[in-house]
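Single-structure report; data block below.
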Amino acid sequence: MCEESDSKVSVEEKIIEADLNRKELTRQVAEKEETCRKLKLVKMYRSKNDLEALQNLIEKWREGCQTSILRLYEKHPEPKPSLGDFINSCRLDKDLIKFDEEEETFT
104 MCEESDSKVS
114 VEEKIIEADL
124 NRKELTRQVA
134 EKEETCRKLK
144 LVKMYRSKND
154 LEALQNLIEK
164 WREGCQTSIL
174 RLYEKHPEPK
184 PSLGDFINSC
194 RLDKDLIKFD
204 EEEETFT
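The number in my numbering is simply the position in the sequence shown, starting from 1, with 103 added.
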């Protein structure tokens, strides 16, 4: 009878251990699926958005913006404000257009 109860305990322990293993494996599978989902998103983003082409477009836009600002500034009547003040009055982000306030130039 003692052997039978030991056998039942052993079977129950194995069932509990198997259930814990199953839960752990389920958690690991969920983590791997999430990692896979994120990697697919990165792959899709990179294939849709050529980062080098985007950077070239940003630089082209910035150059056009800087040229436009300078042309508009040249047409400003006297007495002209500083270029930095002019850019501020236009409410432009100096960092975005790469304007150096100390040097009063575009970088």
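Cβ atoms here follow ideal geometry from the backbone N, Cα and C, with glycine treated the same way. Every value quoted in this text rests on a predicted model; they were computed, and no experiment measured them.
Are three or more beta carbon pairs between the stretch 166-177 and the stretch 185-197 nearer than 8 angstroms? Between the stretch 166-177 and the stretch 185-197, the count of C-beta pairs closer than 8 angstroms reaches three or more; the two stretches touch.
At what residues does the alpha helix (DSSP H) containing residue 152 begin and finish? Per DSSP, residue 152 belongs to no alpha helix (DSSP H) and is neither H nor E.
Are the Cβ atoms of residue 205 and residue 197 separated by less than 8 angstroms? Contact flag unset, no.
Using three-state DSSP, classify residue 122 as helix, strand or coil. Residue state, collapsed to three classes: helix.
Based on Cα-Cα distance, which residue from 111, 166, 184 lies nearest to residue 202? When C-alpha distances from residue 202 are compared across 111, 166, 184, the shortest belongs to 166.
Following the continuous alpha helix (DSSP H) through residue 188, name the residue where it begins and the one where it ends. Residue 188 -> alpha helix (DSSP H) spans 186-192.
What residues match up with residue 203 in a beta bridge as DSSP calls it? 208.
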